[in-house]
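Visitor: One structure is given below, represented as structure tokens, and several questions about it will come after.
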Ligand code: SF4
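Numbering (this note's numbering), first residue to last: 0 to 104.
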């Protein structure tokens, strides 16, 4: 996963967690991807601790990317081809800093 994909995934995840509205197009993409990942046998739990407190988090066992953050990066593709990038090379030019430009028409 590229640095750009990682950054977009984490930024969009943080914005969504903070209640900042994502576009309907982006939200729909995230929901569909997350449903697929949750049914995928390659989604694995990775135990961790925060301040000594056990917490659980998940990652894709194929590419190692964090879940659900992986679902928030428009240019990311599932390594098994179960979902695709939704951004083509033309659209990539307008994604200069943040994916919030993906507004519905
Ligand atoms: S990204 Fe693909 S391979 Fe990884 S957990 Fe999701 S559906 Fe499975």
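We put the CB at the ideal spot given by N, CA and C, even for glycine.
Tell me whether the segment 41-61 and the segment 75-87 touch, counting them as touching only if at least three CB pairs, one residue from each stretch, are closer than 8 Å.
Guide: Yes: at least three Cβ pairs fall under 8 Å.
Visitor: For the ligand SF4, is there any heavy atom lying closer than 6 Å to the beta carbon of residue 35?
Guide: Checking the Cβ of residue 35 against the ligand SF4 gives yes.
Visitor: Would the segment 40-50 and the segment 9-21 be scored as touching if the rule is three or more Cβ pairs under 8 Å?
Guide: Output reads no: the segment 9-21 does not touch the segment 40-50.
Visitor: Taking the straight line between their C-alpha atoms, what separation do you get for residue 27 and residue 5?
Guide: Near 19 Å, if we compare the C-alpha coordinates of residue 5 and residue 27.
Visitor: What did DSSP end up calling residue 24 once you bin it into helix, strand or coil?
Guide: It is helical.
Visitor: Leaving aside the five residues before and after residue 30 along the sequence, list all residues of the same chain whose C-beta is less than 8 Å from its C-beta, in chain order.
Guide: Hits under 8 Å: none found.
Visitor: Taking the straight line between their C-alpha atoms, what separation do you get for residue 23 and residue 37?
Guide: Taking the straight line from one Cα to the other gives about 21 Å.
Visitor: Could you give the first and the last residue of the continuous alpha helix (DSSP H) run that contains residue 42?
Guide: Segment 42-49 is the beta strand (DSSP E) holding residue 42; no alpha helix (DSSP H) there.
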